[in-house]
Every structure is written in C-alpha cells, then in structure tokens.
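Undergrad:
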Amino acid sequence: MALSAFRFAAALGLAGFLTTGCDDGDSTPRVADAEVDMRRLSDVATMPDATDMAVESDMAPSDDLGPTPDAGDDRPPCEARANLGLRAWPTPIADPQTFAPDALWNGTEYGVSWQTPGGPAGLDIIRFQRFNRTGEAVGQPAEIGYAELPQHAVAYNGTNFLVAWIARRTADTVFDGLRIRPLDAAGNAGGVTVDLPLTFDARQMDFAWAPLGGGMLVYTRGLNGEGGVWAIALDEGLNASPAVQLTQSPAQSPAVAFGDGVWGAAWLARDGDDPNELAFRLLNDQGTPIGDEARVGGGGIGNVQMAFGEGMGVFGVAWTKPFGAGIPQPAITLVDGAGDPFATPPLPGATGAALITDVAFLAPDRFAIAWHQTLPGGARQLGISRITPQGLISEPVALPLPEGHSHQGLVLGGTLTRFTGWYTDDPMPGPVGYSDQTTVHVGQFGPCGD
114 MALSAFRFAA ALGLAGFLTT GCDDGDSTPR VADAEVDMRR LSDVATMPDA TDMAVESDMA
174 PSDDLGPTPD AGDDRPPCEA RANLGLRAWP TPIADPQTFA PDALWNGTEY GVSWQTPGGP
234 AGLDIIRFQR FNRTGEAVGQ PAEIGYAELP QHAVAYNGTN FLVAWIARRT ADTVFDGLRI
294 RPLDAAGNAG GVTVDLPLTF DARQMDFAWA PLGGGMLVYT RGLNGEGGVW AIALDEGLNA
354 SPAVQLTQSP AQSPAVAFGD GVWGAAWLAR DGDDPNELAF RLLNDQGTPI GDEARVGGGG
414 IGNVQMAFGE GMGVFGVAWT KPFGAGIPQP AITLVDGAGD PFATPPLPGA TGAALITDVA
474 FLAPDRFAIA WHQTLPGGAR QLGISRITPQ GLISEPVALP LPEGHSHQGL VLGGTLTRFT
534 GWYTDDPMPG PVGYSDQTTV HVGQFGPCGD
C-alpha cells in the first residue's frame, strides 16, 4: 500500500516529534539507530561494494531546489548526478479538487485511487482509475465509496484491481468500517462490495495481495490506536478469516506486504520507554504471527510504508525518525526474510524536516522512497531517495516546485528505468488542509537522456 496524507498525519500530532530513547530492557529484539549488521548483508543477493551504505555519487546533495517549472520547456531539467529526472512536466489527472492518491503497479499498468469532496454528510468520494505504463489515463474514473479520512489502498489479485478503505455510514449505506470494492477488468466498479464486520473502530489501514494467493488487511483500532493492530486474511473469493490481533500495544501507521511465502507487517508501537519504535512481524496466510516481534529504535513519526524486494528476499520499511540533531528525516529499515531487521540507514536528500510518503520496489534492484520536506515559508517539496536491498544509496533528487505551490503525498510505482508518481499539488496552500484548486498530478521518471 502506498497512501500518505499530511492532514491526517497532522491530526496524529506530527507537529512535535519524539527524541530517541533507550532499550526498555525487555526481550523484544531491537536494532539501534542506523545500526548495520554486516553479517546479514551476505544473506541477500550481493553486488560489488554494497556493504558500505555509501551514496553512489561522491558529490554531496545540493541545497538547490531546482528551477521553477516553465511550461515552454519540453522536458524538466534532469539531475545528472542522480541520472534521474521527470520525462515531462506533470499534469493533473482530473479537475480540482482531488487529493490523497494511492497507486499500485501490477507489472502492466497502474491502478490509482484518490479522494475528492462532494459525498453525503460532508464525506469525501473515493475514485479509482487505470493508467497505462506511460502514465496516461485509461477509461473513466469509477466511484468507489465514501470516506471521512484519507485511508484507502489499492491491491491487485492477478486479474482485477481492488480498493479497500475505511467507510463511514450514509443514509444509503448503514455501515462503518473496512470495505473492499472489486473493479472489473476495465476498471469499472463491479461486483459486490465486501463489508468486514466489527471493524467500526478501525482508524488506519493497509491492504495488499499475494500473487496467486489471497489478500491481507492490517489496521489499528481506536481513536489513537489504543486497541492495537489487527489483521484480516482474505481468500481469492474475498471471504474473510477471523481477525487476528498482532499486538495489544497502542500503535499507529500499520503497513503490510507479501514476501517469499510469508507476509510482513509493520507499525509504530507507542508503548515502552522508547515510544514510537518501529515494530515488525511475519504473518502466515491466515494473519497469524510467526516468531517474535522485532523492534527498531524509536522516535518515529508519520507514515510507515513497506515494499518487498522481489528476487532479493528483503522487506524495505520506510518511515520517518529523528537523526543527529533530532530533525525528522526519511529512513528505511531493511528486514531479511526471517523477519530480522539488519540496517536502518538515514536517507540523504532533504535539507530540513521531512516525512516519508511511500516506498516502492523498482525492479530489478532498487527501493525508491518518496518524501516531502517543509521549506522556509511552509511550502512542501517532493523528493526521491533510492537504495538497494544491500544498502547502496543512490544520489537523491528533489522535484521542481512551481513558485507559490506546495506538493505532498507522492506515491510511486513501476520499474527502475521507467516509473510513475502521483502527488497532491496545491497552488494556493494554507496553514492546514487543501485549497479548492488542489489537484492530483501524475509524472513519469527515468534516466537522463532517455
């Protein structure tokens, strides 16, 4: 899943952030800040000089925010040091007001969901549309349902896309909780919407599907995640197994991804002497935990996002935590197939406070982590960091920011040589929320000169 929305993160108290504490002395395995277990690097696919966690370029990241986009230019400037840039200036996917995108690449095309106002009782409408490999819209947007919070996720079951979200009742639909809407092959809202009972207090969620298998929903319960993290497994017919509690600890920002025959689930645990530690646990096909829960040093804020490196045997868990002077920065925890974290390097690129918004595995060998940083004056700028499952970090890039605009919520998908991003562009940003001119934009990335 790949969903980020700043307004929801702010509601969770992200204006303040926690300093890193120490181990609370219990038996839960923990990994310290930026600690690297070099022995584990030999357990995954190797490549030359991959164990030094170095940036591929020997030049330091630039503080230059990039040129102001000019509609007369054929193509945006490309970051030569990173050999990565936009193939063309991003374009809006629909008329205002649209925001909070989520996107999934299925190997052939993209499924994208987003929100727009206009639902009953002040609720937002969730819409879905297919996009081809070049980022062009296919067909017409489909209306999925209504939501109060920006909590929705796209999955693909090998035949069709599906959208899961936290629904709120209306006069026509008397149901609060997790719902799943299947799309037909053309991207239309077909089939029967599946309601998952006893999820009325779900607050945050993630959704993924295993190739040739079933799906998995993970979610927190209670206003502040006081009810812990739960998982619901689904078979190919969208029949749900009983919910399984993964932890009783208060938690936030759950994430899930399918690995090599097992599921990985992650969240921020809010208990103990070191609050907001990153927690990770393996699950079987029924959502039952396997082995012990692992933890990584805390102070986490905002979203947790997760992807699995196909063919590499490594989960990449992206999150935000304080480093150095305590400024929140993008990070990724690399977890092996046995569920053991072996590295949590900070990711260079942001010049100030930043929050991660997504992580995607770009075949054949790279995790791409999307983030937005807050600039002087309050505007937000997007950036992308990349790292191999062995820890080799590529030169980061910052996206051009039009004067007066603010960008946030970048989500990614595709392959290393051609991937696509969707994000929220606000040309009239205010201190909170979105203006009525906000739109979701789409842009494609690739090597310079390609």
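First residue of the sequence shown: 114, per this note's numbering; consecutive thereafter.
Glycine residues also receive a C-beta, built at the ideal position from the N, C-alpha and C atoms.
1. Nearest-angstrom Cα distance between residue 198 and residue 286?
2. Helix, strand or coil for residue 367 per DSSP?
3. On the DSSP bridge list, what partners appear for residue 421?
4. Within 10 angstroms of its Cβ, does residue 297 collect 16 or more other Cβ (buried), or is it exposed?
5. If you draw a straight line from the C-alpha of residue 190 to the C-alpha of residue 562, how long is it?
6. Got a sec? Which residues, its chain only, sit under 6 angstroms from residue 434 by beta carbon, not counting five neighbours each side?
7. Looking only at DSSP bridge pairs, what is residue 256 linked to?
8. Among the candidates 453, 532, 418 and 518, whose CA atom is the shortest distance from the CA of residue 484?
9. Provide the residue span of the beta strand (DSSP E) that contains residue 554, from first to last.
10. Can you tell me whether residue 138 is helix, strand or coil according to DSSP?
11. Quick check on this structure: which residue in 503, 357 and 509 has the alpha carbon closest to the alpha carbon of residue 398?
12. Need the endpoints of the beta strand (DSSP E) that residue 507 sits in, please.
13. Let me confirm a value: residue 526 is counted as buried when at least 16 other C-beta atoms fall within 10 Å, else exposed. Which label applies?
14. Using a 10 Å radius around the Cβ and a threshold of 16 neighbouring Cβ atoms, would you call residue 546 buried or exposed?
15. Residue 510 and residue 496 - do their beta-carbons sit closer together than 8 angstroms?
16. Could you say which of 520, 544, 530 and 532 lies nearest to residue 554 if we only look at CA atoms?
17. What residue range does the beta strand (DSSP E) around residue 212 cover?
18. DSSP three-state call for residue 458: helix, strand or coil?
19. Across which residues does DSSP place residue 330 in a beta bridge pair?
20. When DSSP builds the beta bridges, which residues end up paired with residue 545?
21. What is the rounded straight-line gap between the Cα of residue 348 and the Cα of residue 326?
22. Give the straight-line distance between the Cα atoms of residue 401 and residue 359, rounded to the nearest whole angstrom.
23. Could you check whether the segment 267 to 277 touches the segment 246 to 253, counting it as contact only if at least three pairs of C-beta atoms, one from each stretch, sit closer than 8 angstroms?
24. Going by alpha carbons, who is nearest to residue 384 out of 341, 472 and 275?
25. From the DSSP output, which residues share a beta bridge with residue 608?
26. What's the gap between the Cα of residue 551 and the Cα of residue 231?
27. With residue 280 as the anchor, note down where its beta strand (DSSP E) starts and where it stops.
28. Go ahead and pull the three-state DSSP assignment for residue 233.
29. Within 10 Å of its beta-carbon, does residue 403 have 16 or more other beta-carbons around it, so buried, or fewer, so exposed?
30. Using three-state DSSP, classify residue 207 as helix, strand or coil.
31. Can you give the Cα-Cα distance for residue 307 and residue 371, rounded to whole angstroms?
32. In chain order, what residues of the same chain lie with their CB nearer than 7 angstroms to the CB of residue 476, ignoring the 5 residues before and after it?
33. What span of residues does the beta strand (DSSP E) with residue 288 cover, start to end?
34. DSSP has residue 315 in a bridge; who is on the other side?
35. So, residue 242 versus residue 300, is the Cβ gap smaller than 8 angstroms?
TA: To lay it out plainly:
1. When rounded, the separation of the alpha-carbon atoms in residue 198 and residue 286 is 44 angstroms.
2. Correct three-state label for residue 367: strand.
3. Residue 421 is bridged by DSSP to 428.
4. Here residue 297 is exposed. Its C-beta has fewer than 16 other C-beta atoms within 10 Å.
5. Going from the Cα of residue 190 to the Cα of residue 562 covers about 10 angstroms.
6. So the list reads 412, 413 and 444, once near-sequence residues are dropped.
7. According to DSSP, residue 256 bridges with 240.
8. Selected option, being the one with the closest Cα: 418.
9. From DSSP, the beta strand (DSSP E) with residue 554 extends over 552 to 559.
10. With a pLDDT of 37 at residue 138, under the threshold of 50, the predicted position of this residue should be treated as unreliable, and no value is reported.
11. Selected option, being the one with the closest Cα: 357.
12. Segment: none, residue 507 is in no beta strand (DSSP E) and carries neither H nor E.
13. With 16 or more other Cβ atoms inside 10 Å of its own Cβ, residue 526 counts as buried.
14. With fewer than 16 other Cβ atoms within 10 Å, it is exposed.
15. Cβ atoms of residue 496 and residue 510: closer than 8 angstroms.
16. Out of 520, 544, 530 and 532, 520 has the C-alpha closest to the C-alpha of residue 554.
17. Note, residue 212: beta strand (DSSP E), 212 to 218.
18. The three-state reading of DSSP puts residue 458 in coil, since its state is none of H, G, I, E or B.
19. For residue 330, which the question treats as bridged, DSSP gives the partners 320 and 345.
20. DSSP lists no partner for residue 545.
21. Their Cα atoms are separated by approximately 7 angstroms.
22. Going from the Cα of residue 401 to the Cα of residue 359 covers about 8 angstroms.
23. Result no; under three Cβ-Cβ pairs closer than 8 angstroms.
24. Here the closest residue by C-alpha is 341.
25. Look at the range of the chain in this structure, 114 to 563, and you will see that residue 608 is not part of it.
26. Answer to the nearest angstrom: the Cα atoms are 14 angstroms apart.
27. 274 to 280 is the span of the beta strand (DSSP E), which, as asked, contains residue 280.
28. Three-state DSSP puts residue 233 in a helix.
29. It counts as exposed.
30. In this structure, residue 207 counts as coil in the three-state DSSP scheme.
31. Straight-line measurement puts the Cα of residue 371 at about 22 angstroms from the Cα of residue 307.
32. Closer than 7 angstroms at the Cβ level, and outside the excluded window around residue 476, lie 423, 528 and 529.
33. Judged by DSSP secondary structure, residue 288 falls outside any beta strand (DSSP E); it is assigned neither H nor E.
34. Answer is 334.
35. Using a Cβ distance threshold of 8 angstroms, residue 242 and residue 300 count as a contacting pair.
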